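These protein sequence lines are chains A and B, in that order. Here the first sequence is numbered in full-length UniProt numbering, starting from 1 and rising by one per residue. Here the second sequence is numbered in full-length UniProt numbering, starting from 1 and rising by one per residue. Backbone N, C-alpha and C define an ideal beta-carbon position, used for all residues, glycine too. The model shown is predicted, which means the values in this text are computed figures rather than measured ones. To keep things clear, I will list the structure first and then write my remarks on it.
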Amino acid sequence: MSDHESTYVPKTAFERWMDSRLPIIRFGADYMALPTPKNLNYWWTFGAILTFCLITQIVTGVVLAMHYVPHVDHAFGSVERIMRDVNGGDLIRYTHANGASMFFLAIYIHMMRGLYYGSYKAPREMIWMLGVVIFLLVMATAFLGYVLPWGQMSFHGAVVITNLIGSIPVIGESITTWLWGGFSVDNPTLNRFFSLHYLLPFVIFGVVVMHLWALHHAGQNNPVGILIPKERTAKDTVPFHPYYTVKDGFALLVFLILFATFVFFNPNALGHADNYIPANPLQTPAHIVPEWYLLPFYAILRAIPDKFGGVIAMFGSIGVLFILPWLDTSKVRSMRYRPTMKLFFLIFVAVALLLGWCGAQLPDAPVIPGLPSPVLFDGELNSYLWLTRLLTAYYFAFFLIIMPIVGLKETPLPVPASIAEPVLDHDESKA
Amino acid sequence: MTRSIVRILAGAGAALGLMAAAAPSLAASGGAEHPRDYSFSFEGPFGTFDRNQLQRGYRVYKEVCAACHGMNLLSFRNLGQPGGPFWDERWPNPNDNLYVKAIAAEFEIADIDSETGEAITRPGTPADRFPEPYPNATAAAAANGGAAPPDLSVMAKARHDGADYIASLLTGYRQAPAGLRMAPGQNYNIYMTGDMSPFWEGDPDHVPPGGFIAMPNPLQNGQVTYDDGTEATVDQMAQDVAAFIAWASDPRATSRKQTGLAVLIYLLGFTVLTWFSYKRIWRGVAH
């Protein structure tokens with residue numbers, strides 16, 4: 001679809017001069033005129049929302065870095081000083097901190113959208129895989145950033161996560177020491193985390209450019225999931241601008257209302273109170289928990305009794321997404337026409353949310369208080385440990401077993417030949 | 001169209017639900033009593049700090065808490081900034097504020113003589129930080145049975161339930177019930193987090209709530225004398241100092257909420273306009 005003819009005609013002498021030297025105006029004009037499927041729903045607006053999130057994080061982050069002091073003795077105080085003495089500093093910092101949560105909220109919706117409508121299937125495998133790379137980079141950046149205020153959760157979270165690397169046989173401990181820049185999480189660790197936290201967003205930006213390049217080359221998926229034949233392009237697509245700039249703009253504004261509600265009225269609701277206690281290596285918090293957006297993966301990590309096994313499972317839960325395009329054996333992209341798979345997908349969404357819930361609980365705590373239950377291996381059945389294991393099993397089964405088998409066995413509903421067809425049906429049912 | 005909006009909102013709602021659910025579940029540690037709900041004036045989207053209460057709270061901090069607890073992120077000038085306890089329209093620059101100058105001058109600040117470099121003390125200025133009660137953390141710990149009293153600058157953000165928790169804790173000291181083994185230097189407080197079961201010799205199904213706290217009950221009725229004539233009951237002082245600490249933890253909370261209101265109104269208006277633009281642009285396109 002991106003192979004569409006360029007319709008840009010340079011109008012002024014300057015544009016003509018520019019067009020034969022660096023056709024950047026043509027590039028922008030073609031981008032705006034990109035034929036876009038006209039049936040994209042609001043789930044498709046999160047790409048624009050995520051672009052906004054990334055830019056917001058970079059802009060606020062650059063300003064924060066002007067005032068932040070990456071030193072164990074000053075980091076905590078400098079973050080507070082930003083909020084007290086820098087003009088608008090409280091807004092900048094709270095926007096950045098809540099921006100991370102908003103970023104992940106949008107990422108998760110964006111990924112679930114891709115999963116539901118089969119946006120990872122041919123010819124869009126590269127878009128999806130680049131997206132998974134972005135997801136990994138964003139998680140790494142968020143973790144590094146959370147360490148910078150040097151509160152109790154920052155410090156002990158850094159200890160827990162870097163120690164995971166130490167569980168790798170033979171080389172693990174050497175790698176951990178190398179990451180720390182010493183023999184414990186200390187000033188060198190904070191310094192390099194700051195450096196990397198500043199670097200990675202620009203790496204993300206680069207991968208986003210490739211993500212969009214692949215998107216515009218393969219063409220956008222759409223809720224019906226069919227490829228738009230060349231001869232139907234005129235009928236089934238609209239130019240990106242103004243049709244989708246205004247639709248994305250509207251969705252972004254709704255998203256901003258949610259964002260602003262947190263920043264202005266409840267800026268610390270999504271964080272943990274312990275991170276306002278300055279880091280103290282000698283005093284471990286009662287419960288070390290990551291931010292909400294990493295909880296599902298934290299739950300998977302803790303579900304495995306062996307530490308290295310847990311690390312494998314945690315990275316495997318994201319690694320499996322890389323091979324997702326080849327695990328799905330169905331010929332139909334959109335789950336709209338796959339009622340069986342749709343059911344398994346909805347269970348998957350619930351499982352992912354529940355994994356997040358379990359990640360915040362103590363593994364030994366009973367799920368239903370007061371209900372006695374037998375002990376299986378290393379824990380009572382009525383415990384978050386076993387609930388987490390059950391959910392983790394479904395998480396992996398969804399990709400590795402359900403997806404290949406259902407794709408072969410199910411009988412999908414008839415798929416429309418063009419995206420105009422269901423649109424017209426839809427209109428008739430309304431009339 | 002409307003259906004897809006509803007679905008988006010449902011999705012966002014579910015995600016928010018997860019966030020909201022995740023946060024309080026982390027608080028469930030130990031069997032402490034849930035803090036009382038004081039309904040402070042600064043709660044909610046329209047809440048503002050009560051200046052009189054902040055002034056009373058500062059007095060309690062200065063005369064009671066400051067003996068052991070520092071507030072190293074605060075300078076005297078903060079007291080006179082907009083929304084602060086001694087803010088006065090006459091002095092837009094808090095460094096000129098006469099109240100603040102007078103308060104700062106009550107303290108002797110360690111410094112060096114700018115001519116000779118010798119150690120001296122001089123009266124405080126609005127630019128000075130609140131002085132620390134102990135020369136260093138080791139001295140603070142040594143003077144308090146091994147545990148240094150925590151700094152109170154951001155205490156309301158560093159505890160779940162913030163000011164409610166602080167005021168509850170200050171009024172939560174109780175006679176330890178018979179059967180509770182107390183370590184020397186410990187005090188019993190029903191709002192303190194902890195697990196009393198290892199120290200409890202009574203009925204294991206009725207373990208007393210709360211935990212041990214090293215700080216002895218700091219407030220007695222009439223301990224301070226308020227300038228505004230308010231009776232200095234323990235409850236009153238606890239609430240006042242909790243309000244002061246809440247202000248100190250986030251001094252810009254009030255102005256931020258006011259900005260936020262304008263921002264939300266703007267965003268709502270912009271959203272409605274964009275919605276109509278959207279309807280107009282897509283008019284005649286079947287989708």
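Within chain A, the residues that B:A142 reaches when beta carbons sit closer than 9 Å
Neighbours of B:A142 on chain A: none; closest Cβ ~15 Å, over 9 Å.
Sheet register partners of B:Y188 (DSSP bridge):
Beta-bridge pairing links B:Y188 to B:F212.
Flag this pair as yes or no: are the beta carbons of A:G118 and A:M335 separated by less than 8 Å?
Yes, the pair counts as a contact, with Cβ atoms nearer than the cut-off.
Have a look at A:S6, A:Q152 and A:W150 and flag the residue whose alpha-carbon is nearest the alpha-carbon of A:R26.
For the options A:S6, A:Q152 and A:W150, the alpha carbon positioned closest to that of A:R26 is the one of A:S6.
Taking A:Y276 and B:K157 to be in contact with their CB atoms under 8 Å, please state how far apart those CB atoms are, rounded to whole angstroms.
Yes, A:Y276 and B:K157 are in contact; Cβ-Cβ is about 4 Å, under 8 Å.
With 8 Å set as the bound, which would you pick, yes or no: does the beta-carbon of A:K38 sit closer than that to a beta-carbon of chain B?
Chain B contact via Cβ: present.
Applying a beta-carbon distance threshold of less than 7 Å, which residues of chain B neighbour A:F265?
Neighbours of A:F265 in chain B, taken as residues at a C-beta separation under 7 Å, are given in chain order as P45, K257 and G260.
Measure the CB-CB distance between B:L180 and B:Y173 and report whether it falls below 8 Å.
Not in contact: B:L180 and B:Y173 (Cβ atoms no closer than 8 Å).
Name, please, each residue of chain A whose Cβ falls closer than 7 Å to the Cβ of B:Y278.
Per Cβ cutoff of 7 Å: V246, K247 and F250.
Where A:D73 sits in the DSSP three-state scheme
Looking at A:D73 - three-state DSSP - the assignment turns out to be coil, as it is neither helix nor strand.
Using the beta-carbon count (16 or more within 10 Å), is B:T2 buried or exposed?
Per-residue confidence for B:T2 stands at a pLDDT of 45, beneath the threshold of 50, marking its modelled position as unreliable; the derived number appears in the next sentence. Under the 10 Å beta carbon count, B:T2 is surrounded by fewer than 16 other beta carbons and is classified as exposed.
Suppose contacts are defined by Cβ-Cβ distances below 8 Å. Is A:L408 in contact with A:Y337 by that definition?
Not closer than 8 Å, so no.
Compute the Euclidean distance between the alpha carbons of A:G359 and A:L295, then round it to the nearest angstrom.
Computed Cα separation, rounded: 5 Å.
Using the beta-carbon count (16 or more within 10 Å), is A:E291 buried or exposed?
It is buried - the Cβ of A:E291 has at least 16 other Cβ atoms within 10 Å.
Taking C-beta pairs closer than 7 Å, name the residues in chain D that B:I281 reaches, listed in chain order.
Looking at the structure shown, chain D is missing, and the protein chains on hand are A and B.
Can you name, in chain order, every residue of its own chain whose Cβ lies under 6 Å from the Cβ of A:L371, other than the five neighbours on each side?
Cβ neighbours of A:L371 beyond the five flanking positions: N382.
Cβ of A:A218 within 8 Å of Cβ of A:I127?
Cβ atoms of A:A218 and A:I127: closer than 8 Å.
Between B:R252 and chain A, is the shortest Cβ-Cβ distance under 8 Å, so that the two count as touching?
Taking Cβ atoms only, chain A reaches closer than 8 Å to B:R252, which makes this a yes.
Could you name the residues of the same chain whose beta carbon sits closer than 8 Å to that of B:N72, not counting the 5 residues immediately before and after it, in chain order?
The answer, listed in chain order, is R129, F130, E132, D151 and S153.
What's the call for B:M182, buried or exposed, on a 16-neighbour Cβ count within 10 Å?
Exposed, by the Cβ-count rule.
Bridge-paired residues (DSSP) for A:T237:
A:T237 is bridged by DSSP to A:P37.
With C-beta atoms as the reference, is B:A163 less than 8 Å away from B:I245?
Cβ atoms of B:A163 and B:I245: closer than 8 Å.
Three-state secondary structure (DSSP) at B:W200?
B:W200: strand per DSSP, three-state reduction.
Closest by C-alpha distance to B:M237, when choosing among B:F42, B:R256 and B:G57
The option with the nearest alpha carbon to B:M237 is B:G57.
With a threshold of 8 Å between beta-carbons, can A:N268 be considered close to chain B, or not?
For A:N268, the answer is yes, since a Cβ of chain B falls inside 8 Å of its Cβ.
Neighbouring residues, chain A, relative to B:V263 (Cβ below 8 Å):
The answer, in chain order, is A260 and F264.
Whole-Å CB distance - A:C53 paired with A:G99, under 8 Å assumed:
Going by Cβ atoms, the distance from A:C53 to A:G99 rounds to 6 Å, so yes, they are a contact pair.
Determine whether the beta carbon atoms of B:F86 and B:V100 lie at a separation below 8 Å.
Less than 8 Å divides the Cβ of B:F86 from the Cβ of B:V100.
In or out: B:A15 buried (at least 16 other Cβ within 10 Å) or exposed?
Reliability fails at B:A15, whose pLDDT of 48 lies under 50, so the model's placement of it is uncertain and the value that follows must be treated cautiously. Flag for B:A15 reads buried.
Starting from the C-beta of A:P169, find all residues in its chain whose C-beta is less than 8 Å away, skip the five residues before and the five after it, and write them out in chain order.
Cβ contact annotation for A:P169 (same chain, cutoff 8 Å, sequence separation greater than five): F308, in chain order.
Under 8 Å, do A:L34 and A:F240 count as touching if we go by C-beta distance?
Taking a C-beta distance under 8 Å as the contact criterion, A:L34 and A:F240 qualify as a contact pair.
According to DSSP, which residues form a beta bridge with A:L376?
For A:L376, which the question treats as bridged, DSSP gives the partners A:G379.
Answer with yes or no whether the minimum CB distance from A:E80 to chain B is below 8 Å.
At a cut-off of 8 Å between beta-carbon atoms, A:E80 makes contact with chain B.
Against chain B, with Cβ distances strictly below 8 Å, would A:D186 count as a contact?
Closer than 8 Å to the CB of A:D186 there is not a single CB belonging to chain B.
Please tell me whether A:D90 has its Cβ less than 8 Å away from any Cβ of chain B.
Output row for A:D90: interface = yes.
Candidates B:L267, B:M155, B:A214 and B:D228: closest to B:G185 by CA position:
The option with the nearest alpha carbon to B:G185 is B:A214.
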